[in-house]
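What follows is a set of notes on a single structure, which appears directly below.
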Amino acid sequence: MTTRVALRRDAGRIGPESGPWIRQRQVAKIWGPPDPASLAQLVDHRDAVLGWGLLAPDADIPLRVVHWGAAPPAEGWFERRLAAALAARAELGLVADPGTTAYREVNSEGDGLPGLVVDRYGDDRVVQLGTPAIAARRAPILDLLRPRTADRVFVIADEAAPDDPEAVLEFQEHGLWFSCPAPPAQKTGAYLDQRDNRRLAAQLAVRAAGPLLDLGCHVGGFVVHAAAAGVTAVGLDQSARALEFARRNAARNDLADRTSFVQADMFGALDHPALAGPFGVIVFDPPRIATGSQGRERAVTAMARSLGRLLPRLRPGGFLIACSCSHHVGRPDLDASLLAAGARDLARVHALGPGPDHPVWPGHAEGEYLRVNVYQRRDV
């Protein structure tokens, strides 16, 4: 029996332009057995079939549409899309680049596979099974990935942690060597969505004659890239373990003499002497601080408070790189936090996001979660 998800009369306009997420408030009733291993049929209030999706009946997003239309997708759709996602990274030139061995191979809805994330780190892969429907497809996912993986496959799922909590992932990024904790760790490891932005920040630091300050440095990506470009760099993070890896990464690239690290809260007083400045580049990369639209104003206020402490440490002509990894904190909110901090002499010169290995499907606004605004201090 096919499970059917019936929409409310007032569910709104539903189709490709509204995105693949069907929310609980839009659902009138779910008919049939809630089988995560099968596709569920989406029908409107007149019982017309709109599409087919992956079911999680008790979640805030009970259905994630994978195919629009009355007929279901052809058999084998899941395996075909997974193989196509892997092939797309080769077409982007990532597989052939010997200096970069870490990138995203499957980006959930962006590759038509909602809830599935696959990141590659050298010969290892990290697989995140983010929904019950994806967890139910664990076997075919691993059957396809294991023959293509030279070393280990780490699986992140709610029901079980990876076997080796002390494991380390090693990889290259734009010719530099890095290591980071394998799962269970921060997300899938090393924030691969900022890969190209780290190289740009290093170029800007050279242009501004350094030094660079990175708040929320994790394992030191922005810091190591800047130091490799020839400028001194300081990283701040609250995690002692992350800073241990950051120092290790600087040393492995023979950059310990141009780098330093501070353990502190990026929303705290920022009174350590190494943070005094002035800096040519300041990277402000907080964790996700707004999980819903209700938290957006609090997030802007918190960011403005910290940015108010940082702006006096940015030299004339220097660059501020402000990041948001929350869909609910967009580019206008980053602008608003700077204005609330008193900035009147900063012009936005770049509006960035993740690289092409993090595709976003048209209509899925929530898939555009990373915003990176680059501002330059001007003489006004």
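Residue numbering for the sequence shown follows full-length UniProt numbering, beginning at 1 and increasing consecutively. We treat Cβ as the ideally placed atom computed from N, Cα and C, and that holds for glycine.
Cβ pair Ala71, Ala190 closer than 8 Å = At a Cβ-Cβ threshold of 8 Å, Ala71 and Ala190 do not count as neighbours.
For the UniProt domain "RlmI-like PUA" (20-68), which segments carrying the alpha helix (DSSP H) assignment without a break, of at least 4 residues, lie completely within its bounds, in sequence order?
-> Correct list: empty.
In the structure shown, what three-state DSSP assignment does Ser326 receive?
-> In the three-state scheme derived from DSSP, where H, G and I count as helix and E and B as strand, Ser326 is classed as coil.
Give a yes or no on whether 8 Å exceeds the smallest Cβ distance from Arg25 to chain C.
-> Structure shown: chain C not included; a single protein chain is present.
Separation of Ala229 from Gly330, as counted between CA atoms | Approximately 30 Å between the Cα atoms of the pair.
Residues near Ile14 by beta carbon distance below 8 Å, same chain, minus five either side = Hits under 8 Å: Leu7, Ile22, Gln26, Leu42, Asp44, Leu50.
Might you give, ordered along the chain, the residues of its own chain that have their beta carbon closer than 6 Å to the beta carbon of Ala226, omitting 5 neighbours on each side?
-> Answer for Ala226: Ala202, Ala205, Leu212, Ala233, listed in chain order.
From what residue to what residue does the alpha helix (DSSP H) around Arg199 run?
-> Its alpha helix (DSSP H) spans residues 195-207.
Please name the residue in Ile61, Arg207, Leu94 whose C-alpha comes closest to that of Pro316.
-> Closest option to Pro316, Cα to Cα, is Arg207.
In whole angstroms, what is the alpha-carbon distance linking Ile156 and Val127?
-> Cα to Cα, the separation comes out at about 6 Å.
Where does Pro273 sit, in a helix, a strand or coil, going by DSSP?
-> Of the three classes helix, strand and coil, the one that applies to Pro273 here is helix, per DSSP.
Which residue or residues does DSSP assign as beta-bridge partners of Pro181?
-> DSSP lists Val168 as partners of Pro181.
Any idea if Arg148 is buried or exposed, counting beta-carbon neighbours within 10 angstroms, 16 or more meaning buried?
-> Residue environment analysis places Arg148 among the exposed positions, since fewer than 16 neighbouring C-beta atoms fall within 10 angstroms of its C-beta.
Grouping DSSP H, G and I as helix and E and B as strand, with all else coil, what is Val219?
-> Here Val219 sits in coil by DSSP.
As assigned by DSSP and simplified to three states, the class of Val300 | Reduced to three states, the DSSP call for Val300 is helix.
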